[in-house]
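J.: Once you've had a glance at the structure underneath, I'll fire off some questions.
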Amino acid sequence: MMQQVRGWVRDARHIAVLTGAGMSAESGVPTFRDAQTGLWAQFDPQQLATEEAFRANPSRVWDWYAFRRELIAKVQPNAGHEALAAFAQRHPGRLTLITQNVDGLHQRAGSPGVLALHGNIFEDKWLDRPGPCCNAEAAARGSPPYCARCGNLLRPDVVWFGELLPPQAMAAAEEAARICEMMLVVGTSGVVYPAAGLARAAAGRVVVVNPEPTELDDVADAVLRGGAAHILPQLLEED
Ligand code: OAD
Numbered sequence: 636m637m638q639q640v641r642g643w644v645r646d647a648r649h650i651a652v653l654t655g656a657g658m659s660a661e662s663g664v665p666t667f668r669d670a671q672t673g674l675w676a677q678f679d680p681q682q683l684a685t686e687e688a689f690r691a692n693p694s695r696v697w698d699w700y701a702f703r704r705e706l707i708a709k710v711q712p713n714a715g716h717e718a719l720a721a722f723a724q725r726h727p728g729r730l731t732l733i734t735q736n737v738d739g740l741h742q743r744a745g746s747p748g749v750l751a752l753h754g755n756i757f758e759d760k761w762l763d764r765p766g767p768c769c770n771a772e773a774a775a776r777g778s779p780p781y782c783a784r785c786g787n788l789l790r791p792d793v794v795w796f797g798e799l800l801p802p803q804a805m806a807a808a809e810e811a812a813r814i815c816e817m818m819l820v821v822g823t824s825g826v827v828y829p830a831a832g833l834a835r836a837a838a839g840r841v842v843v844v845n846p847e848p849t850e851l852d853d854v855a856d857a858v859l860r861g862g863a864a865h866i867l868p869q870l871l872e873e874d
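Letter by letter, the sequence shown follows residues 636 to 874 in the working numbering.
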C-alpha cells in the first residue's frame, strides 16, 4: 500500500494536505478526542471553547489557553511536520497545507503558506469591536488583559465552536480541494465541520494517515495506519 501511495504522490500535480491534532501528538501536544489523553476527555468544550463560555467566565477560559500556550511553546515540530515542509520547499506550488491546528508547528517547521483554519493560539484579538482606545500593545495586565478605557477584553485568536472560519483561508482551502489530484488527511478524527467537508469535497484521491479509524475512512482511497511522524517521511521522502 505504501508503495502505491508513494506513486500517487509522485504523479500528483497538486496535493492538498488536511491536518488535525494527531499531526502534533508525537510532538507532545494532546489531541482533543483520544479516549484517555484527549483534552475533551478532561475538559468540557462548552465551558472552554465558545464565546458564551468566555463571556461567562473570561479568566477560566483565558487561563486554560495560557496553560496550552505554555505547553505548546515547549514542544518541537516532529518528523512529520518536517517531511511536509521539506516536500513543499522541494516542490514550490505543488502542495497546499491546510491545518485545523492552532499550535503553529507546521509554520515553525518551515511550511510556506499554511492555511490555519482554526486560527493561532499565540495571537490575541479583541472580544468586541475595538474602539480607538483599544491598543493591544498597551492592554492592562489581567487574566485576560483588557482595555483600561473601555473594558474590552483580549481573547485568543482561535475559532471557537459556533464561530465562522477565517473566510480567506477557507476559500483557499476549498480551492485546493477542488483542484487537488490527491489529498492527504492526517491526524484528524474528521468529525468537525466545515474542515472535514474538505476531504469529502476533494477532487483527487484521498489518503488517510491515522493510527485509528476515522469518520473520513469511508471516502479514503487508501488508509495508512500509523503515526504521522512515522508515515509522512516514508511517504514524502524521495529516493
Ligand atoms: P481529534 O482529537 O478529534 O482527533 C485526533 C486524531 O488524531 C484522532 O483520529 C487520532 O486517532 C489521531 N492521532 C492520534 N495520534 C496520532 C498520530 N501520532 N499520528 C496521526 N494521527 C494521530 O482532533 P481534530 O480532528 O484535529 O477545534 O479535531 C478537530 C477540531 O476539534 C480541532 O481543531 C478543535 C477541536 O475541538 C476547535 O478548537 C475549533
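Think of the CB as a built atom: it goes at the ideal place given N, C-alpha and C, for glycine as much as any other residue.
So P868 is in the beta strand (DSSP E); what residue range does that whole segment cover?
T.: Per DSSP, P868 belongs to no beta strand (DSSP E); it is in the alpha helix (DSSP H), 863-871.
J.: Considering only heavy atoms of the ligand OAD, does any lie closer than 7 Å to the CB of M637?
T.: no
J.: Can you look up G754 in the DSSP assignment and give me helix, strand or coil?
T.: strand
J.: Could you tell me if the beta carbon of F796 falls within a distance shorter than 7 Å of some heavy atom in the ligand OAD?
T.: yes
J.: Which of the three DSSP states, helix, strand or coil, is assigned to D792?
T.: strand
J.: Touching or not, the region 865-872 and the region 710-718, by the rule of three or more beta carbon pairs under 8 Å?
T.: Below 8 Å, enough C-beta pairs join the region 865-872 and the region 710-718 to call them touching: three or more.
J.: Output the distance between the C-alpha atoms of V844 and D853, rounded to the nearest integer angstrom.
T.: For V844 and D853, the distance between alpha carbons rounds to 13 Å.
J.: Could you tell me the distance, in whole angstroms, from the CA atom of T672 to the CA atom of L819?
T.: 24 Å
J.: Mapping DSSP to helix, strand and coil, what is M658?
T.: helix
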